[in-house]
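Here the structure is laid out as structure tokens; the discussion comes afterwards.
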Amino acid sequence: MDLFKFLSYGFMQRAVIAGSFIAALCAILGVFLVLRRLSLIGDGLSHVTFGALALGLFFNVTPVYVALPLVVLSSLGIMKLTEAQYLYGDAAIGIVSALGIAIGILLVSITKGFNIDLFSYLFGNILAITKTEVWMSIGLATIVIILVAFFYYDLVAVTFDEECAQAEGINTKAVNKMLVVLTAITVVLAMKVVGIMLVSALLILPTVTALQVAKGFRMTMLVAVVVAVVSVWTGIMLSFFLDWPSGATIVLVSLVLFISSFLYRQIRK
Amino acid sequence: MSVISLAVDQVTVKYQANEVLSGISFTAQAGDYIGIVGPNGSGKTTLVRTILGLLLPTQGKISILGTRQSQFKEWQRIGYLPQKLTSFNPQFPATVREVVSFGLLAGKKFPKQISRTDEIAIDKALALLEIRDIKHKLISELSGGQQQRAMAARALAGEPELLILDEPTTALDPETRERFYAVLKEFNEKRKVTILLITHDIGTIGKYAAKMLYLDKKIIFFGGFDNFCASPDITEYFGEYAQHLICHRHDAPKS
Numbered sequence: 006m007d008l009f010k011f012l013s014y015g016f017m018q019r020a021v022i023a024g025s026f027i028a029a030l031c032a033i034l035g036v037f038l039v040l041r042r043l044s045l046i047g048d049g050l051s052h053v054t055f056g057a058l059a060l061g062l063f064f065n066v067t068p069v070y071v072a073l074p075l076v077v078l079s080s081l082g083i084m085k086l087t088e089a090q091y092l093y094g095d096a097a098i099g100i101v102s103a104l105g106i107a108i109g110i111l112l113v114s115i116t117k118g119f120n121i122d123l124f125s126y127l128f129g130n131i132l133a134i135t136k137t138e139v140w141m142s143i144g145l146a147t148i149v150i151i152l153v154a155f156f157y158y159d160l161v162a163v164t165f166d167e168e169c170a171q172a173e174g175i176n177t178k179a180v181n182k183m184l185v186v187l188t189a190i191t192v193v194l195a196m197k198v199v200g201i202m203l204v205s206a207l208l209i210l211p212t213v214t215a216l217q218v219a220k221g222f223r224m225t226m227l228v229a230v231v232v233a234v235v236s237v238w239t240g241i242m243l244s245f246f247l248d249w250p251s252g253a254t255i256v257l258v259s260l261v262l263f264i265s266s267f268l269y270r271q272i273r274k
Numbered sequence: 004m005s006v007i008s009l010a011v012d013q014v015t016v017k018y019q020a021n022e023v024l025s026g027i028s029f030t031a032q033a034g035d036y037i038g039i040v041g042p043n044g045s046g047k048t049t050l051v052r053t054i055l056g057l058l059l060p061t062q063g064k065i066s067i068l069g070t071r072q073s074q075f076k077e078w079q080r081i082g083y084l085p086q087k088l089t090s091f092n093p094q095f096p097a098t099v100r101e102v103v104s105f106g107l108l109a110g111k112k113f114p115k116q117i118s119r120t121d122e123i124a125i126d127k128a129l130a131l132l133e134i135r136d137i138k139h140k141l142i143s144e145l146s147g148g149q150q151q152r153a154m155a156a157r158a159l160a161g162e163p164e165l166l167i168l169d170e171p172t173t174a175l176d177p178e179t180r181e182r183f184y185a186v187l188k189e190f191n192e193k194r195k196v197t198i199l200l201i202t203h204d205i206g207t208i209g210k211y212a213a214k215m216l217y218l219d220k221k222i223i224f225f226g227g228f229d230n231f232c233a234s235p236d237i238t239e240y241f242g243e244y245a246q247h248l249i250c251h252r253h254d255a256p257k258s
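Protein chains in written order, with this note's numbering: chain E, 6 to 274; chain W, 4 to 258.
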């Protein structure tokens, strides 16, 4: 069938495989982040990713290798600032986010020549994903999914109410750290799929869509994963045939699904 | 020899320079039913949060079920119903059944799973709180009273030895409130569950709790309800008229 002919291209196969794994990852973590009102942590960490990428390109090091440790450290920094009650969570995210952007802009402005590379990370270029990036996505996505499955009940209990979870002997600080570190890894992986500017959309939109229609926590997670994967597949297909930018197309498809689910819920009421 | 469920020894809690609890000492024997009462801001919630390790005492020691609080790990032996959920998102998509199941997670080894035995315990707790018919409803769709009953079922599901309840009936209508107190009384009498219950309703709790702990940053009174009504300390604290009003609101004799 002609419609699926695009899947015969190697770069499209890589895009679909890596995109599916990363979409599932974003959806799973997104459910916890949105319900804990931590949606903007994805946005903040993506801005740190921008600074880290600029740093990598500046020193001519593969950007992902610089971004991963720096973004993970930043996520822990945000957590520490919030836990110690030095700052409100959103203020901590705002500060770390601004720092990332500032470093990125500074390095871009004093260095000429890597603007095109940076552009592909800023706005995503899933069709340019390499084999290494595919394996990295599969490997890390598998680790994250296993961790979430292993600590599922602790994550859900802490998301429901942190104080109750703590009173039941759950190490809430460790659970929180795990959640932000997994989010940091996911944000770095997702930058090629939708781009730094739009990665938080992939964390938020599938969850808010699922919340309109799903009943039960597991079902919400499942629907969010389906919405995210369908958005990525449809986005890739549309961007191939219409020659639209892939990252923006994926996000727009997610948005259409959210609006549809929202209207469906309103009509059902 | 009676077993001590809870021992609080000279506990002081400060928020920065502000002392909110001062030199609190009392013990709860296994099977005690203690009503914790006191005015707003008297430190009742701070006391139970400190017992549960959610706050660290500035001074003093706490021992839970024979183990020093800082070393206590058997949280499945304690049931806790907070006054309100601190970080609950009204959009939370869990069903009532799922929420009750969270009460059985304490003390489980990884990877935590809900077993067949747990399923039976969940059903029993739902039946006890008369919320079986809404078990598949989302917690976010319930009224405040139904949510409170779901949280109570969560606290009772693990059949704890020590039950700590912080104003558990504020959202319940009078009839449901009485039935809830009756459930607690049954837990206390038949299963020898130790209960610590914070309330503002001194008259009602006097019908059920054998002991009263009146708190106002320090312990004003700790002992049997009858002694509470006869206590000169309480007369001095409340005045004779107020004491008379409080003590004559409970009409049913304690068992």
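Every residue, glycine too, gets a C-beta built ideally from N, C-alpha and C.
In this text, all values refer to a predicted model and were calculated from it rather than measured experimentally.
When you compare only the Cα positions, how much space is there between residue i and residue j?
i	j	result
V16 of chain W	K220 of chain W	9 Å
G22 of chain W	V139 of chain E	Per the sequence presented here, residue 22 of chain W reads as Glu, with Gly not at that position. Taking the straight line joining both Cα atoms gives about 58 Å.
G276 of chain E	I131 of chain E	This structure gives no information on residue 276 of chain E, because the portion of chain E shown stretches from 6 to 274.
L3 of chain W	I110 of chain E	This structure cannot settle anything about residue 3 of chain W, because the visible part of chain W is limited to 4 through 258.
I117 of chain W	H139 of chain W	17 Å
S80 of chain E	G63 of chain W	36 Å
T67 of chain E	G94 of chain E	31 Å
E133 of chain W	Q74 of chain W	36 Å
L73 of chain E	Y14 of chain E	29 Å
F105 of chain W	F267 of chain E	29 Å
P93 of chain W	K136 of chain E	43 Å
I272 of chain E	D122 of chain E	45 Å
S258 of chain W	A31 of chain W	Any answer about S258 of chain W is weak, because its pLDDT of 43 lies below 50 and its placement is not dependable; what the coordinates show is given next. Computed Cα separation, rounded: 19 Å.
L45 of chain E	G38 of chain W	43 Å
V39 of chain E	S90 of chain W	12 Å
Q13 of chain W	S28 of chain W	5 Å
S45 of chain W	T202 of chain W	12 Å
R270 of chain E	L216 of chain E	10 Å
D236 of chain W	E168 of chain E	36 Å
When the Cα of residue i is compared with those of the options, which residue comes out closest?
i	options	result
F190 of chain W	W:I39, W:I222 and W:G82	W:G82
L207 of chain E	E:G56, E:A179, E:V232 and E:S125	E:V232
G174 of chain E	W:K64, W:K112 and W:T49	W:K112
F95 of chain W	E:F267, E:T225 and E:K274	E:T225
V27 of chain E	E:Q271, E:V230, E:F124 and E:G82	Checking the sequence shown, residue 27 of chain E turns out to be Ile, not Val. For the residues E:Q271, E:V230, E:F124 and E:G82, the minimum Cα distance to I27 of chain E belongs to E:V230.
L9 of chain W	W:S66, W:G46, W:G44 and W:Y18	W:S66
P42 of chain W	W:R157, W:I7, W:I223 and W:R52	W:I223
A155 of chain W	W:F183, W:E122 and W:K47	W:F183
G263 of chain W	W:D121, W:R194 and W:K115	Given that chain W is displayed from residue 4 to residue 258, the structure contains no residue 263 of chain W and the question cannot be resolved.
D176 of chain W	W:S143, W:Q151, W:I125 and W:T30	W:Q151
L152 of chain E	E:L34, E:S125 and E:F9	E:L34
G49 of chain E	E:T254, E:Q217 and E:I98	E:I98
R80 of chain W	W:G161, W:T61, W:P60 and W:R100	W:G161
S51 of chain E	E:I100, E:T214, E:K10 and E:T87	E:I100
K178 of chain E	W:R135, W:L88, W:L57 and W:Q72	W:L57
T87 of chain E	E:N181, E:V21, E:I255 and E:V163	E:N181
T48 of chain W	W:E239, W:A20 and W:Q86	W:Q86
L227 of chain E	E:I150, E:V199 and E:I108	E:I150
S25 of chain W	W:V6, W:I7 and W:P60	W:P60
K197 of chain E	E:I241, E:V161 and E:A96	E:I241
T164 of chain E	E:L43, E:T214 and E:V218	E:L43
Thinking residue i and residue j are a contact (beta carbons under 8 Å), I'd like their distance in whole angstroms, please.
i	j	result
V69 of chain E	V193 of chain E	6 Å
L187 of chain W	Y211 of chain W	7 Å
S286 of chain E	L262 of chain E	A query on residue 286 of chain E cannot be resolved here, the shown segment of chain E reaching from 6 to 274 and no further.
R157 of chain W	V102 of chain W	6 Å
A29 of chain E	V234 of chain E	6 Å
A213 of chain W	Y18 of chain W	Going by Cβ atoms, the distance from A213 of chain W to Y18 of chain W rounds to 32 Å, so no, they are not a contact pair.
K220 of chain E	T70 of chain W	At roughly 40 Å, the Cβ-Cβ gap does not stay under 8 Å, so K220 of chain E and T70 of chain W are not in contact.
V51 of chain W	M215 of chain W	No, V51 of chain W and M215 of chain W are not in contact; Cβ-Cβ is about 15 Å, not under 8 Å.
I54 of chain W	I167 of chain W	7 Å
P171 of chain W	L84 of chain W	5 Å
L210 of chain E	L260 of chain E	6 Å
F37 of chain E	L184 of chain E	6 Å
V113 of chain E	A59 of chain E	6 Å
A20 of chain E	S142 of chain E	Wrong, their Cβ atoms sit about 11 Å apart, outside the cutoff.
L68 of chain W	E77 of chain W	7 Å
Taking DSSP's pairing of strands, which residues face residue i in a bridge?
i	result
I27 of chain W	W:V14
K64 of chain W	W:D12
I115 of chain E	Paired residue(s): none; I115 of chain E is not in a bridge.
I39 of chain W	W:I201 and W:L216
R71 of chain W	W:S66
Could you check if residue i belongs to the surroundings of the ligand ATP, using beta carbon to heavy atom distance under 6 Å?
i	result
G56 of chain W	The ligand content of the structure shown is nil, which means the ligand ATP is not present either.
Which residue spans inside the segment 131-187 of chain W form an unbroken alpha helix (DSSP H) run of at least 4?
Correct list: 147-160.
Pick out the complete alpha helix (DSSP H) segments inside the segment 124-175 of chain E, 4 residues or longer, and give them in chain order.
If we require 4 residues or more, the alpha helix (DSSP H) runs fully inside the segment 124-175 of chain E come out as 136-155, 157-165 and 167-172.
Complete runs of the beta strand (DSSP E) confined to the segment 199-228 of chain W [at least 3 residues]:
Listed in chain order, they are 214-219 and 221-227.
Suppose only complete runs of 3+ residues qualify. What are the beta strand (DSSP E) ranges in the segment 18-84 of chain E, listed by chain order?
Runs of the beta strand (DSSP E) inside the segment 18-84 of chain E: none found.
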